Amino acid sequence: MTSATATAVAETNGSPADEIPYNKQPRDWKKIGVIVGFCAVPIILLVVFTYLPFFQMCGYSFYKMKYIGTPKWVGLKNYIDVFTRPDLLATLKLSLYYMVGAIVQVALALYLATVLAFKVRGGAFFKGAMFFPYLINGIAIGFIFKFFYTRGYVLDTVLQWCGFQLDNLPYWLKDQSINNWSLVFSSVWRYLGQTMILFIGAIMSIDGSLYEAAEIDGANKWQQFKHIILPGIQTILVLNIILSITGSLSAFEAPYVITSGANGTGTFFVQMDKIAHTDQKVGLASAMAVVLLCIIMICALLQKIIMGFLFRDADDGTAKARKHAKKVEKARKKAMRQANRVRPGAAPVFTKRAKRPARANRAVLAAGNVVGNAAGSATVAAAEGK
Numbered sequence: 001m002t003s004a005t006a007t008a009v010a011e012t013n014g015s016p017a018d019e020i021p022y023n024k025q026p027r028d029w030k031k032i033g034v035i036v037g038f039c040a041v042p043i044i045l046l047v048v049f050t051y052l053p054f055f056q057m058c059g060y061s062f063y064k065m066k067y068i069g070t071p072k073w074v075g076l077k078n079y080i081d082v083f084t085r086p087d088l089l090a091t092l093k094l095s096l097y098y099m100v101g102a103i104v105q106v107a108l109a110l111y112l113a114t115v116l117a118f119k120v121r122g123g124a125f126f127k128g129a130m131f132f133p134y135l136i137n138g139i140a141i142g143f144i145f146k147f148f149y150t151r152g153y154v155l156d157t158v159l160q161w162c163g164f165q166l167d168n169l170p171y172w173l174k175d176q177s178i179n180n181w182s183l184v185f186s187s188v189w190r191y192l193g194q195t196m197i198l199f200i201g202a203i204m205s206i207d208g209s210l211y212e213a214a215e216i217d218g219a220n221k222w223q224q225f226k227h228i229i230l231p232g233i234q235t236i237l238v239l240n241i242i243l244s245i246t247g248s249l250s251a252f253e254a255p256y257v258i259t260s261g262a263n264g265t266g267t268f269f270v271q272m273d274k275i276a277h278t279d280q281k282v283g284l285a286s287a288m289a290v291v292l293l294c295i296i297m298i299c300a301l302l303q304k305i306i307m308g309f310l311f312r313d314a315d316d317g318t319a320k321a322r323k324h325a326k327k328v329e330k331a332r333k334k335a336m337r338q339a340n341r342v343r344p345g346a347a348p349v350f351t352k353r354a355k356r357p358a359r360a361n362r363a364v365l366a367a368g369n370v371v372g373n374a375a376g377s378a379t380v381a382a383a384e385g386k
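Sequential numbering of the sequence shown, starting at 1, is according to the working numbering.
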């Protein structure tokens, strides 16, 4: 081997001294110190203002206490009251209205995101218009809808223009058969844009070549949505459903501002606020908060199990695609190693794997074919969701 060849090979493959295993490299203590310094402040704030108050609240839930006075140990009595008092059980049932609204919100946001994620005339305007309500303060939205639903105001006026008689219209905030649906609509109107934007970001991150491969295979729009979009946005879909369920169980601003919890619109969170600040039953309110947290965690766990069952085929297809991707990467590295052994202008390197340049060239071509075949298989597998 000539000196020129040795130099060329060393430049390509790097010197052995430079190839230090990752776990043997010296630690950069300065970098570690910067990371710890930046993370320390938010972690301390999170512990002091979130976790410590939470555990303290859990302790309060076992006492009968007010803001002023000596607490009295009552054990599990507060938790028993949460599940036996009729007024508290009624507020839990109201969460079903908001859960239905959350399902409608996620479904509608997914539909709009699927349309607006691609090139549509006026798409930027519609994205901004749909997201704008989320930027408005929740209290302000409450006052907007309070006047919107007031008798003889905006909604009634518009319906009268459409030919309806005012006497035949319901009281949107007093009639208990419809007032909770009115509040649910205000929540859906506010959070629809946020859910839609999250879906749009997830859809736009999907590789466009998957759609092209699906079209070549004859897949229609519904099949592309089912086998490409849904598996591709599974993580964001789960996140949006969890956020929607959490919001439906802890609805507060709309019923508190619009109706003050009157006429059967007081949700669990509104009732908890009343018990804590008006009745000053801090122990009972703390128990309600712990129960609400447990309900949210159970709902999130059930939702995760259900989504995992629904997307099990998509997960299998994703696993196959990852397996093909690993095969592609392995073939690419093999091709690069073989190509580095035969560089233009350099003498051939005679090794056991490549005794002559022609064999190395054939190895490069063969590796290229493996890369192409594996990439095509991965694309088809991901598109079909197998």
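The C-beta atom is built at its ideal place from N, Cα and C for all residues, glycine as well.
Source: prediction; values computed, not measured.
- ILE242 is the residue among GLY208, TYR67, ILE242, TRP161 whose C-alpha sits nearest the C-alpha of VAL106.
- Around the beta-carbon of ASP156, 16 or more other beta-carbon atoms lie within 10 Å, marking it buried.
- Scanning LEU159, PHE145, PHE126 for the CA closest to the CA of LEU173 turns up PHE145.
- 8 Å or more divides the Cβ of ILE200 from the Cβ of LEU89.
- Bridge partners of LYS64 according to DSSP: LYS72.
- The count of Cβ pairs closer than 8 Å, one atom from the region 57-70 and one from the region 277-287, reaches three, so the stretches are in contact.
- Under the DSSP assignment, ASN180 falls in the alpha helix (DSSP H) whose first and last residues are 179-204.
- Counting every other CB atom within 10 Å of its CB across the protein chains shown gives VAL282 a total of 16 or more, marking it as buried.
- Taking a cut-off of 8 Å for Cβ pairs, the region 242-251 and the region 118-129 do not touch, as fewer than three such pairs fall below it.
- By the Cβ-count criterion, TYR51 is exposed, with fewer than 16 other Cβ atoms from all chains shown falling within 10 Å of its own Cβ.
- Just measuring C-alpha positions, the residue of ARG190, ALA276, THR265, TYR134 sitting nearest ASN78 is ALA276.
- Listed in chain order, the non-local C-beta contacts of LEU92 below 6 Å within the same chain comprise PHE268, local neighbours out to five positions each way being set aside.
- Put simply, the region 228-242 does not touch the region 184-192. Fewer than three CB pairs are less than 8 Å apart.
- Counting only residues of its own chain and dropping the five nearest sequence neighbours on each side, LEU192 has a CB closer than 7 Å to the CB of GLN105, LEU108, ALA109, MET130.
- Under the three-pair Cβ rule at 8 Å, the region 255-266 counts as touching the region 135-153.
- In the structure shown, ARG337 adopts helical secondary structure according to DSSP, grouped into three states.
- Per the coordinates, the alpha-carbon of VAL41 lies some 22 Å from the alpha-carbon of GLN56.
- Excluding sequence positions up to five before and after ILE216, its CB lies less than 6 Å from no other CB in the same chain.
- The beta carbon of THR114 is closer than 7 Å to those of ILE203, PHE225, ILE229 in its chain, skipping five residues each way along the sequence.
- Taking 8 Å as the upper bound for CB-CB distance, LEU169 and LEU159 are in contact here, some 6 Å apart.
- Burial of SER95 is indicated by the presence of at least 16 other C-beta atoms within 10 angstroms of its C-beta.
- Boundaries of the alpha helix (DSSP H) around CYS299: 282-310.
- Under the DSSP assignment, VAL106 falls in the alpha helix (DSSP H) whose first and last residues are 86-116.
- Here TYR153 carries a coil assignment [DSSP, helix/strand/coil].
- For the pair GLU212 and ALA219, the Cα-to-Cα distance works out to about 10 Å.
- For ASP175, there is no enclosing alpha helix (DSSP H), as DSSP marks it with neither H nor E.
- Cβ neighbours of ASP81 within its own chain (closer than 7 Å, five residues either side excluded): LEU284.
- Taking the C-beta atoms as reference points, TYR67 is found nearer than 8 Å to GLN280.
- Distance from the CA atom of ASP28 to the CA atom of LEU45, rounded to whole angstroms, is 27 Å.
- Ranked by Cα distance from GLY266, the first of TYR97, PHE164, VAL47 is TYR97.
- For the options CYS162, ASN137, PRO133, TYR171, the alpha carbon positioned closest to that of THR150 is the one of TYR171.
- Taken through DSSP and simplified to helix, strand or coil, LEU169 comes out as coil.
- The straight-line gap separating the alpha-carbon atoms of LEU135 and PHE54 is approximately 29 Å.
- Taking the C-beta atoms as reference points, LEU292 is found nearer than 8 Å to SER250.
- GLU253 places its beta carbon less than 8 Å from that of ILE139.
- Going by DSSP, ALA214 is part of the alpha helix (DSSP H) stretching over 208-216.
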